[in-house]
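Everything on this sheet refers to the single structure shown next.
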Amino acid sequence: MAGRGSQLRVVDPVLTNLIRGYSNAEFVGIHIFPVVSVEKEAGKIPSFGKEAFRIYNTSRAMRASSNKLPVEARSSLDFATTEHDASYPIDYREMQEDIINTEQNGAYIAQNAILIKHEKSCADLATTAANFPVGNKVTLAGATQFTHPDSDPLAIVATAVEAVRAKIAKRPNVGIMGASTFKALQTHPKILDRIKYTQTGLVTVELLKSLFNLKELYVGDAVYVDDAGVSHDIWPDSFVIAYVPEAKTDVDRSIYEPSFGYTLRKKGMPEADKYEEDGGKVLNVRSTDNYIVKIVGSDAGYLIEDTNA
């Protein structure tokens with residue numbers, strides 16, 4: 095029987111640093127739900143409506159009273175993070191025979207399982223029309239869909255950008271489109287006409303970013319496999335644009351900065367640990383995270399759904 099000491103959970107600092115630096119290029123949800131740290135698993139965070147972007151009278155004369163903001167400028171949201179963990183088993187014989195670092199490989203596999211869950215959570219939140227206020231969403235149909243040659247994607251996206259700007263006085267700076275949406279735009283006659291004099295003549299993400307006047311634009315290429323073994327796009331035929339504050343060098347993001355959304359992650363996460371079983375013949379490498387994906391300023395986002403017929 096293994097001693098009690100071998101059964102205790104011990105965090106591995108080397109593997110923890112590895113998974114904290116690991117990312118999958120196919121996962122893009124983090125760009126509209128960037129990570130901010132929270133001290134506790136539950137609590138309150140600021141929510142951001144129009145008032146977060148309102149201009150108030152902040153001038154103060156000498157010896158005058160301070161300018162007090164109205165109470166409605168301090169709304170909040172409840173949150174409760176969830177622990178996510180995945181472990182990858184490694185037989186002791188694999189460790190002896192495999193030419194790769196099996197522990198690092200196991201840590202990456204375990205972390206990737208958690209990241210794909212995070213990506214699905216981001217996509218589900220950002221592509222659900224009920225999460226957006228009136229005026230910040232549109233469902234395309236018929237001749238307005240991007241797969242129809244008479245549609246006008248440039249005008250539709252421009253309308254979305256203006257809708258957000260009109261509500262929060264800031265232009266949305268990040269866009270995410272599903273892979274099928276990107277495919278439709280690549281062959282759309284109005285897009286091709288706009289780029290026909292470019293050097294490549296090919297519709298790339300960089301070209302679309304310029305046409306749509308967005309600082310960042312990403313394609314949701316990731317897929318997931320259901321219990322029946324069928325693959326599905328995590329990001330459907332949709333186009334989400336949002337305002338997200340730009341990351342600052344050497345300064346962590348703050349939940350007090352107005353944004354469309356955040357990933358609220360418990361401080362110190364993610365982390366990796368190892369534990370043995372079967373008399374020490376199997377080593378499990380485990381990744382643990384603790385977070386919740388949250389929309390904190392729905393006025394700062396816009397959803398274009400059903401872009402394809």
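For the sequence shown, my numbering puts the final residue at 403, and the numbers step up evenly by one. Virtual Cβ for every residue (Gly too), placed ideally from N, Cα, C. All figures in this text were calculated on a predicted structure; none of them were measured in a lab.
Same chain, Cβ closer than 7 Å to residue i, neighbours up to 5 away in sequence not counted
| i | result |
| --- | --- |
| A91 | As displayed, the chain neither begins before 95 nor continues past 403, which places residue 91 out of reach and without an answer. |
| L302 | L279, L311 |
| F354 | I126, A336, Y337, V338, I389, G391, A394, G395 |
| D246 | K284 |
| I289 | G295, V297, L301 |
| A254 | I335, Y396, I398 |
| G200 | Y182, I184, V379 |
| N402 | Q239, F240, T241, S274, T275, A278, D331 |
| D172 | K138 |
| N118 | N206, L209 |
Neighbourhood of residue i by C-beta distance below 8 Å, restricted to the same chain and skipping five residues each side
| i | result |
| --- | --- |
| Y385 | V129, T175, T176, H178, H212, T357, L358, R359, K360, M363 |
| Y318 | I210, K214, S325, H326, I328 |
| M271 | L279, L311, Y312, V313, G314, W329, S332, F333, V334, T401 |
| V132 | I139, F173, T175, I349, L358, R359, K360, K361 |
| G323 | none |
Sequence-distant residues of its chain with Cβ nearer than 6 Å to residue i (five each side left out)
| i | result |
| --- | --- |
| T196 | I184, E188, M189 |
| P243 | P283 |
| T110 | E365, A366 |
| D383 | H178, I208, M363, P364 |
| D218 | none |
| V232 | I398 |
| Q205 | I113, Y116, S381 |
| C216 | G123, F127, V387 |
C-alpha gap between residue i and residue j, whole angstroms
| i | j | result |
| --- | --- | --- |
| S120 | I328 | In the sequence as displayed, the identity of residue 120 is Glu instead of Ser. About 10 Å. |
| R98 | Q198 | Bear in mind that a pLDDT of 39 at R98, under 50, signals an unreliable position, so the number given afterwards is only what the model happens to contain. Whole-angstrom Cα-Cα distance: 26 Å. |
| V105 | K368 | 7 Å |
| G123 | D321 | 23 Å |
| S169 | F142 | 7 Å |
| D400 | A235 | 7 Å |
| S381 | V387 | 18 Å |
| L248 | Q239 | 12 Å |
| E310 | A136 | 31 Å |
| N155 | I149 | Sequence check: residue 155 is Ala here, not Asn. Going by the C-alpha atoms only, they are around 18 Å apart. |
| Y291 | G314 | 28 Å |
| I113 | T294 | 38 Å |
| D287 | G115 | 41 Å |
| A223 | S159 | 44 Å |
| Y182 | E300 | 38 Å |
| G269 | L308 | 7 Å |
| E340 | A252 | 21 Å |
| V108 | Y186 | 20 Å |
| D372 | K134 | 35 Å |
| N225 | D192 | 48 Å |
| P330 | T221 | 8 Å |
| R157 | Y350 | 29 Å |
| N267 | G374 | 51 Å |
| S153 | R347 | 28 Å |
| A237 | P227 | 24 Å |
| A316 | P140 | 31 Å |
| L305 | N161 | 42 Å |
| I250 | T281 | 17 Å |
| R265 | K342 | 18 Å |
| I203 | N151 | 53 Å |
| P352 | A260 | 15 Å |
| A180 | D344 | 30 Å |
Endpoints, alpha helix (DSSP H) assigned at residue i
| i | result |
| --- | --- |
| N384 | Taken as a continuous stretch (DSSP letters only), N384 belongs to no alpha helix (DSSP H), being part of the beta strand (DSSP E) at 376 to 389. |
| V406 | What is shown of the chain runs 95 to 403, which leaves residue 406 out entirely. |
| V299 | 299 to 306 |
| V108 | 107 to 115 |
| T196 | 196 to 220 |
| K284 | 283 to 289 |
Residues bridged to residue i (per DSSP)
| i | result |
| --- | --- |
| Y356 | K388 |
| Y182 | V379 |
| M271 | V313, F333 |
| Y369 | N378 |
| G395 | A336 |
| P140 | S170 |
| H326 | Y318 |
| T176 | Y385 |
| K264 | K264 pairs with nothing; no bridge assigned. |
| K342 | V345 |
| G104 | Going by the sequence as given, residue 104 is Val instead of Gly. Bridge partners of V104: K368. |
Where the beta strand (DSSP E) containing residue i begins and where it ends
| i | result |
| --- | --- |
| D244 | First-last for D244: undefined, no H or E at that position. |
| K231 | 231 to 233 |
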